[in-house]
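Visitor: Numbering (our numbering), first residue to last: 372 to 825. The beta-carbon is built from N, C-alpha and C at its ideal position, and this holds for glycine as well. If you're wondering where the values come from, they're calculated on a predicted model, not measured in any experiment. Sending over a structure as structure tokens; questions will come in a sec.
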């Protein structure tokens with residue numbers, strides 16, 4: 372059972388959602404957290420623990436997190452629906468936020484730390500986690516904020532392989548005259564420049580963490596959870612200040628010496644994030660973009676194309692049970708190569724590649740003067756990582772910058788709602804239903820979308 376949530380919080384949530392029940396998840400370091408069930412879904416509830424030496428600071432941090440979430444939502448840096456409710460209770464403060472279903476990073480990486488981590492599906496999955504994590508941070512950075520507590524326990528990996536960031540209490544942003552002074556967060560993922568600032572200032576001095584420190588924390592967390600070793604070597608019983616001194620030197624373990632298996636692209640990403648020079652680290656926005664590439668198809672891509680056109684990926688294009696043959700794949704690639712040599716060019720077929728592995732294909736076709744169509748297909752083990760959306764955005768940019776096309780159309784099978792979400796995120800607007808298409812004797816109307824050159 373554990374400690375019950377504050378009665379004031381329960382009343383406020385019941386007034387809003389109806390009857391609630393709560394399960395205590397943690398009670399440590401002066402803070403408690405519950406998973407709250409309501410008739411309208413689950414929430415996460417946090418409150419300071421009364422009687423703790425940290426009660427006052429934890430209450431101030433909860434009040435601070437509530438303010439941060441309000442400002443971040445106003446800047447569209449976090450989902451506006453994430454913050455639910457906040458208030459006071461006789462022991463301090465409480466805060467309720469939307470419940471996010473997912474596994475903490477360390478547990479989610481357990482497969483990747485073992486010998487089965489070399490399976491083909493794991494590498495795109497790892498990069499998808501890193502990319503979506505970078506996207507979350509990039510949104511904060513664009514609004515002038517840093518999360519300032521980037522670490523494995525504040526990072527959830529969803530069933531679809533994307534990353535969600537939680538706990539914004541320590542975030543550093545503009546115009547924060549009245550705040551709990553920031554003195555670092557989890558020691559193991561503290562950036563060298565933050566460690567140096569903490570060591571060189573008094574305990575009541577606020578240290579303003581910046582975006583580069585978040586990028587270090589991302590790299591350090593990936594290093595730790597993939598390799599199973601903290602990036603800076605020191606003994607567990609070492610005093611915190613001595614740990615910070617070790618971190619401030621900017622020297623880390625060599626990832627190649629502790630990694631569970633070779634993954635050069637992932638290692639390069641982590642190493643770049645943990646450059647001792649903050650100015651030499653990539654930005655979160657750059658990280659989010661660099662993990663996916665589009666390239667023209669090549670002769671030796673036929674094997675990858677055959678893998679793409681199989682299983683669930685072709686359910687809405689060729690029907691259940693379809694399997695592309697080697698000959699079909701070779702013809703598909705040959706057609707793309709032929710189109711690339713035709714003037715004026717009628718179509719562009721790009722391979723969607725992640726760490727060199729072609730996981731999908733996206734095609735742009737010129738249909739008539741000024742009008743083109745967009746289509747894409749992704750290998751099913753790579754769904755849910757945002758690759759199709761990113762590829763679609765890039766091809767749209769390419770079409771309007773490097774061709775004569777001024778308007779693009781796309782459509783999808785009515786049962787494939789995920790494809791519709793891809794198009795919407797890529798900037799397309801739904802127009803209605805297209806002409807009817809015959810599939811296995813059944814006539815099916817396809818939703819049609821368009822985007823115009825700005």
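Let me know the secondary structure DSSP gives residue 714 once reduced to three states.
Guide: When secondary structure is reduced to three states using DSSP, residue 714 falls in the coil class, being assigned neither helix nor strand.
Visitor: Count the C-beta pairs between the stretch 512-520 and the stretch 641-660 that are closer than 8 Å, then say yes if the count reaches three, no if not.
Guide: With the cut-off at 8 Å, the stretch 512-520 and the stretch 641-660 touch.
Visitor: How should residue 714 be labelled, buried or exposed, when 16 other C-beta atoms within 10 angstroms of its C-beta is the threshold for buried?
Guide: exposed
Visitor: Could you tell me the alpha carbon to alpha carbon distance between residue 386 and residue 435, rounded to whole angstroms?
Guide: 24 Å
Visitor: Buried or exposed: residue 667, going by 16 or more other Cβ atoms within 10 Å of its Cβ?
Guide: Per the 10 Å Cβ criterion, exposed.
Visitor: Quick one, which of 722, 710 and 602 has its alpha-carbon nearest residue 680's?
Guide: 722
Visitor: Do you know how far the Cα of residue 793 is from the Cα of residue 759?
Guide: 7 Å
Visitor: Can you find the residues in the same chain that come closer than 6 Å, C-beta to C-beta, to residue 752, ignoring five residues on each side of it along the sequence?
Guide: 492
Visitor: Could you name the residues of the same chain whose beta carbon sits closer than 7 Å to that of residue 391, not counting the 5 residues immediately before and after it, in chain order?
Guide: 381, 384, 385, 407, 408 and 409
Visitor: Assign residue 482 to buried or exposed, taking buried as 16 or more other Cβ atoms, counted over all protein chains shown, within 10 Å of its Cβ.
Guide: exposed
Visitor: For the beta strand (DSSP E) holding residue 741, just list the boundary residues, first then last.
Guide: Taken as a continuous stretch (DSSP letters only), residue 741 belongs to no beta strand (DSSP E), as it is neither H nor E.
Visitor: Just list the alpha helix (DSSP H) runs in the stretch 742-823, keeping only unbroken ones of 4 residues or longer that don't cross its boundaries, in chain order.
Guide: You should have 758-773 and 788-796.
Visitor: Hey, out of 438, 416 and 746, whose CA is closest to residue 549's CA?
Guide: 438 is the residue among 438, 416 and 746 whose C-alpha sits nearest the C-alpha of residue 549.
Visitor: Taking 8 Å as the cut-off, does the stretch 494-504 touch the stretch 445-454 (at least 3 CB pairs, one atom from each stretch)?
Guide: no
Visitor: Output the boundary residues of the beta strand (DSSP E) element that contains residue 398.
Guide: Per DSSP, residue 398 belongs to the beta strand (DSSP E) from 392-399.
Visitor: For a quick check, are the C-beta atoms of residue 729 and residue 704 less than 8 Å apart?
Guide: no
Visitor: Starting from residue 492, trace the beta strand (DSSP E) in both directions and tell me its first and last residue.
Guide: Element bounds for residue 492: n/a, residue is neither H nor E.
Visitor: Would you mind reading off the limits of the alpha helix (DSSP H) that contains residue 694?
Guide: Neither: residue 694 is in no alpha helix (DSSP H) and is coded neither H nor E.
Visitor: If you drop the 5 nearest sequence neighbours on each side, which residues of the same chain put their C-beta closer than 7 Å to that of residue 741?
Guide: 775, 776, 777 and 778
Visitor: Please determine, among 463, 649 and 665, the residue with the shortest C-alpha to C-alpha distance to residue 582.
Guide: 649
Visitor: Note down the Cα distance separating residue 828 from residue 641, rounded to an integer number of angstroms.
Guide: Because the chain is modelled from 372 through 825, residue 828 falls outside the range shown and cannot be assessed.
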